[in-house]
Ligand code: SF4
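In this note's numbering, the protein residues as written are 110 to 573.
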């Protein structure tokens, strides 16, 4: 759908300040929809090329490099560049990836423009989807080694894209029902965007006062723009920039949204996605392959199975779409491997999540502030969670660079700096929310710091 250009501070708005450069960037996004569309279709073509072709290529030879082998190149682009830096971009720029670049978003929106246009059913609106979809995709991706094999990437990413198109074909009209409710990354993206220092700001007073009566902008992720307070759901597509002289791209403090959030704005499902999904299960998913505990658990169980003459769990005959199965690469998971990985990720993730939850709940209760629920306090951990997920995903980037013999001496100090940044920002946010002036509040703050220390310890033990 073509939308008429919207002017920021149109004729008659004398006395309004000249828009800053960020607002002008937002205006440019609004005015140059064709350029953004061209960019989106370029990303769609690149995405499909890198997703499909490598899945039908043989294993790369020993001396292959990521610059001369499409399979390795695609692996590096998807897992070494795309995912870690998309996560980082959420914290720095909000969800601009979703609104401007994401191939799934573009495909589902296009499908929805030509589809059945049915109303969105209640089951799709269920607020638990972001958590469930994130956990299921994370765990399944590890079982099929999504980072290593293009067949698995085609199954996981391609499956998600097909589902996005299917949802677009059935529900909504020119909207992104998939992105708003079902995308597996939606929960994490919407959490990380809360600390982005730029957002599309809506001024309700200006909205009300504006004489403009244009038709409403088509906001693909179905946001009630007039009342938008959070960057969580906004895809930063720029379509509404300048609308009614009330919306503009603007800078803000990265702490602003979390400090301004009210108890009733934070759903328990959102807090669960953060505590159990990102801090728990995602962290465990990054660490299982280097865990000594997992090796010990596996050998204990294997011995027990052999002693009891139960041998089928030691077979490696599972299909590749269920458990990693690549004989040519000598990479075959047994049923026991699958069980141990599942137990490590889910067990470890839930254990970390429970510890963090207990500390946060107790801290919020000790603070005894009616305006501070544990759900709201948990949001203060977003910077640490964001850094954790970036550091975890960047391990794949570094693995590729190491294979290319790139010097990685700079990595350790950079990791320390990022961890310190994330931890201290989370600690500062916690202090602002808990206001530890009296003894009771100080104790609550000390309790709040425990999960930060726990997550830092996990990463430090892994890295050093
Ligand atoms: S509110 Fe909607 S239309 Fe406006 S920038 Fe965000 S996603 Fe785009």
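From the three backbone atoms N, C-alpha and C, an ideal C-beta is built for every residue, glycine too.
Checklist entry - Should residue 534 and residue 193 be called a contact, given that it needs their Cβ atoms to be closer than 7 angstroms? => result Taking the chain shown and counting its residues from 1, one reaches residue 534 at position 425. Taking the chain shown and counting its residues from 1, one reaches residue 193 at position 84. Contact: no.
Checklist entry - According to DSSP, what are the bridge partners of residue 258? => result Position 149 of the chain shown holds residue 258. The partner list for residue 258 (beta bridge, DSSP) is empty, contrary to what the question assumes.
Item to check | Which of helix, strand or coil DSSP assigns to residue 359 | outcome: By 1-based counting over the chain shown, the position of residue 359 is 250. Residue state, collapsed to three classes: strand.
Next on the checklist: If I measure Cβ to Cβ from residue 329 and keep anything under 6 angstroms in the same chain, skipping five residues before and after, which residues do I get?
Outcome noted: For this step, residue 329 is matched to residue 220 along the chain shown. Excluding residues within five positions, the ones whose Cβ falls inside 6 angstroms are 218, 284 and 285.
Checklist entry - Leaving out five residues before and five after residue 261 in sequence, what residues of the same chain have Cβ atoms less than 6 angstroms from its Cβ? => result For the purposes of this step, residue 261 is identified with residue 152 of the chain shown, where counting begins at 1. Excluding positions up to five away in sequence, the list reads 253, 254 and 255.
Item to check | For residue 303 and residue 366, believed in contact at Cβ under 8 angstroms, the rounded distance | outcome: Residue 366 sits at position 257 when you count from the first residue of the chain shown. Residue 303 sits at position 194 when you count from the first residue of the chain shown. Their Cβ separation, rounded to whole angstroms, is 5 angstroms, which keeps residue 366 and residue 303 in contact under 8 angstroms.
Checklist entry - With residue 384 and residue 472 assumed to form a contact (beta carbons below 8 angstroms), what rounded beta-carbon distance in angstroms separates them? => result Residue numbering aside, residue 384 sits at position 275 when the chain shown is read from its first letter. Residue numbering aside, residue 472 sits at position 363 when the chain shown is read from its first letter. About 13 angstroms separates the two Cβ atoms, so there is no contact after all.
Item to check | Segment contact flag, the region 480-492 with the region 148-168, C-beta cutoff 8 angstroms, min 3 pairs | outcome: no
Checklist entry - What is the DSSP secondary structure of residue 435, reduced to helix, strand or coil? => result Residue 435 sits at position 326 when you count from the first residue of the chain shown. If DSSP states are grouped into helix, strand and coil, residue 435 belongs with the strands.
Item to check | Any non-hydrogen atom of the ligand SF4 closer than 6 angstroms to residue 561 Cβ | outcome: Sequence index remark: in the chain shown, residue 561 carries index 452 (1-based). Residue 561 Cβ: outside cutoff for every heavy atom of the ligand SF4.
Next on the checklist: On the CB-based measure, 16 or more other CB atoms within 10 Å of its CB, does residue 463 come out buried or exposed?
Outcome noted: Locating residue 463 in the chain shown gives position 354, counting from the first residue. So residue 463 ends up on the exposed side.
Checklist entry - Which one of 505, 559, 528 and 282 has the shortest CA to CA distance from residue 225? => result One-based indexing of the chain shown puts residue 225 at position 116. When only C-alpha atoms are compared, the closest one is 282.
Checklist entry - For residue 194, which three-state DSSP category applies? => result In the chain shown, the residue the question calls residue 194 occupies position 85. Correct three-state label for residue 194: helix.
Checklist entry - Would you report the Cα separation of residue 349 and residue 139, rounded to the nearest angstrom? => result Locating residue 349 in the chain shown gives position 240, where the first residue counts as 1. Locating residue 139 in the chain shown gives position 30, where the first residue counts as 1. Computed Cα separation, rounded: 7 angstroms.
Checklist entry - CB residue 504 to CB residue 531, shorter than 7 angstroms? => result Locating residue 504 in the chain shown gives position 395, counting from the first residue. Locating residue 531 in the chain shown gives position 422, counting from the first residue. Taking 7 angstroms as the Cβ cut-off, residue 504 and residue 531 do not qualify as a contacting pair.
Checklist entry - CA-CA distance, residue 382 and residue 235? => result If you number the chain shown from 1, residue 382 lands on position 273. If you number the chain shown from 1, residue 235 lands on position 126. Taking the straight line from one Cα to the other gives about 14 angstroms.
Next on the checklist: With three or more beta-carbon pairs closer than 8 angstroms as the criterion, would you say the region 342-358 touches the region 200-211?
Outcome noted: yes
Checklist entry - Taking just the CA atoms, how far does residue 339 sit from residue 470? => result Counted from its first residue, the chain shown places residue 470 at position 361. Counted from its first residue, the chain shown places residue 339 at position 230. Roughly 24 angstroms between the two C-alpha positions.
Item to check | Candidates 526, 514 and 492, of which the one nearest residue 196 by Cα | outcome: For this step, residue 196 is matched to residue 87 along the chain shown. Minimum Cα distance to residue 196 is reached at 492.
Checklist entry - Since residue 445 contacts residue 407 with CB under 8 angstroms, what's their CB separation in whole angstroms? => result The sequence position of residue 445 within the chain shown is 336, counting from 1. The sequence position of residue 407 within the chain shown is 298, counting from 1. About 6 angstroms; that satisfies the 8 angstroms criterion.
Item to check | Residues of its chain near residue 573, where Cβ-Cβ distance is below 6 angstroms and the 5 sequence neighbours each way are ignored | outcome: Here residue 573 refers to the residue found at position 464 when the chain shown is read from its first residue. Within the same chain, residue 573 has no close Cβ partners at all.
Checklist entry - From residue 458 to residue 245, what does the alpha carbon distance come to, in whole angstroms? => result Reading the chain shown from its first residue, position 349 is the one you call residue 458. Reading the chain shown from its first residue, position 136 is the one you call residue 245. Spanning the two alpha carbons is a distance of roughly 13 angstroms.
Checklist entry - Near residue 559, which residues of its chain fall below 6 angstroms by C-beta distance, leaving aside the five closest residues on each side in sequence? => result Here the question's residue 559 lines up with position 450 in the chain shown. Excluding sequence neighbours, residue 559 sits near 468.
Checklist entry - What residues match up with residue 280 in a beta bridge as DSSP calls it? => result On the chain shown, position 171 is the one that residue 280 refers to. Answer by DSSP bridge pairing, in chain order: 227.
Checklist entry - Considering only residues of the region 440-483, which uninterrupted alpha helix (DSSP H) runs meet the minimum length of 4 residues and lie entirely inside it, listed in chain order? => result 444-451 and 457-476
Checklist entry - Who are the near neighbours of residue 131 in its chain, counting only those whose CB is closer than 7 angstroms to its CB and skipping five residues on each side? => result Locating residue 131 in the chain shown gives position 22, where the first residue counts as 1. The answer, listed in chain order, is 307, 358, 359 and 360.
Checklist entry - Which one of 280, 248 and 423 has the shortest CA to CA distance from residue 265? => result The sequence position of residue 265 within the chain shown is 156, counting from 1. Residue 248 is the option with its Cα nearest to residue 265.
Checklist entry - Looking only at C-alpha atoms, which of 543, 129 and 257 sits nearest to residue 398? => result Taking the first residue of the chain shown as 1, we reach residue 398 at position 289. Checking every option, the nearest Cα to that of residue 398 belongs to 257.
Next on the checklist: Can you tell me whether residue 141 sits near the ligand SF4, meaning its C-beta is under 6 angstroms from at least one heavy atom of the ligand?
Outcome noted: Locating residue 141 in the chain shown gives position 32, where the first residue counts as 1. Checking every heavy atom of the ligand SF4 against the Cβ of residue 141, none is found closer than 6 angstroms.
Checklist entry - What residues in its chain sit with their C-beta under 7 angstroms from that of residue 391, if we drop five residues either side in the sequence? => result Counting from 1 along the chain shown, the entry for residue 391 is found at position 282. The residues are 247, 498 and 501.
Next on the checklist: Assuming the contact rule is C-beta atoms closer than 8 angstroms, residue 543 and residue 550 should be a hit. Round their C-beta distance to whole Å, please.
Outcome noted: Translated into the one-based positions of the chain shown, residue 543 becomes position 434. Translated into the one-based positions of the chain shown, residue 550 becomes position 441. Right, their Cβ atoms sit about 6 angstroms apart.
Next on the checklist: Can you tell me whether residue 659 is helix, strand or coil according to DSSP?
Outcome noted: Summary: the structure shown does not reach residue 659, with the chain confined to residues 110 through 573, and so no result is reported for it.
Checklist entry - If you draw a straight line from the C-alpha of residue 331 to the C-alpha of residue 229, how long is it? => result Position 222 of the chain shown holds residue 331. Position 120 of the chain shown holds residue 229. The alpha-carbon atoms of residue 331 and residue 229 are separated by roughly 11 angstroms.
Next on the checklist: Taking a contact to mean a Cβ-Cβ separation below 7 angstroms, would you say residue 476 touches residue 553 in this structure?
Outcome noted: Working through the chain shown from its first residue, we reach residue 476 at position 367. Working through the chain shown from its first residue, we reach residue 553 at position 444. In this structure, residue 553 lies closer than 7 angstroms to residue 476 by Cβ.
Checklist entry - Just to confirm, does residue 348 get its C-beta within under 6 angstroms of one of the non-hydrogen atoms of the ligand SF4? => result What you label residue 348 is simply residue 239 of the chain shown in a count that begins at 1. Yes, the ligand SF4 has a heavy atom inside 6 angstroms of this Cβ.
Next on the checklist: Excluding the 5 residues flanking residue 337 on each side, which residues of the same chain have their C-beta closer than 7 angstroms to its C-beta?
Outcome noted: Stepping through the chain shown from its first residue, residue 337 is reached at position 228. Excluding residues within five positions, the ones whose Cβ falls inside 7 angstroms are 311 and 343.
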